[in-house]
Amino acid sequence: MGITVIWSAVSHRFPDNGAPESTVFRTRFKRKHLRVACVVGRSSRRGRPTLGGNGELAVGVLERAAEVVTQVGLMSPWEVPLRMRDALAAAEANEALLLVCNDGAIYSQACALLNAQFAAEDLAHFSWQEP
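Each residue of the sequence shown is one higher than the one before, starting from -15 at the first, in the working numbering.
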């Protein structure tokens, strides 16, 4: 049952076809429904980030799903949990977040944290009964 809950968070995963993966999540944080995309690329302070591989496809999904897309750059592994928590807490309901990860390891860490976040939020709402 737990695996089903975790994977229901993934809205679309663009496969690694020689380019870095990107994943779009439909998730919930403190009862707010959000779309979050994890992509590999370089964040920019102004304008669009430089995205690798399938990042542009993920951005297109976010732009169609929400009016506001907020870009968050993740540059080092130690800042991933903190910046993600702050971005998720600051986001409004039905807003989209674009997590631009500096490399594949940070991308994997961000996706793992989003899977764990979704599972924790949903499992708290389920009432389990022993057979």
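The C-beta atom is built at its ideal place from N, Cα and C for all residues, glycine as well.
Could you give the DSSP three-state label for residue i: helix, strand or coil?
i   : result
A74 : helix
S92 : helix
V64 : helix
V52 : coil
Using C-beta distances below 7 Å, list every residue in its chain close to residue i, excluding the 5 sequence neighbours before and after it, in chain order.
i    : result
A49  : R19 and A80
Q199 : Absent from the model: residue 199. The displayed extent of the chain is -15 to 115, so no value can be given.
With the cut-off set at 7 Å, would you say residue i and residue j are in Cβ contact?
i   : j   : result
A77 : K16 : yes
G39 : S6  : yes
Could you pull out every residue in the same chain whose Cβ sits closer than 8 Å to the Cβ of residue i, ignoring the five residues on either side in sequence?
i   : result
A94 : C22, L58, V64, M68, L83 and C85
Since residue i and residue j should fall inside the 8 Å C-beta cutoff, what is the C-beta to C-beta distance between them, to a whole number of angstroms?
i   : j   : result
G88 : V8  : Rounded, the Cβ-Cβ distance is 17 Å, inconsistent with contact.
L97 : T11 : Wrong, their Cβ atoms sit about 10 Å apart, outside the cutoff.
Excluding the 5 residues flanking residue i on each side, which residues of the same chain have their C-beta closer than 6 Å to its C-beta?
i   : result
V52 : E79
Y91 : C22, V24 and C85
Identify every residue that forms a DSSP beta bridge with residue i.
i   : result
R19 : R10 and A80
V24 : C85
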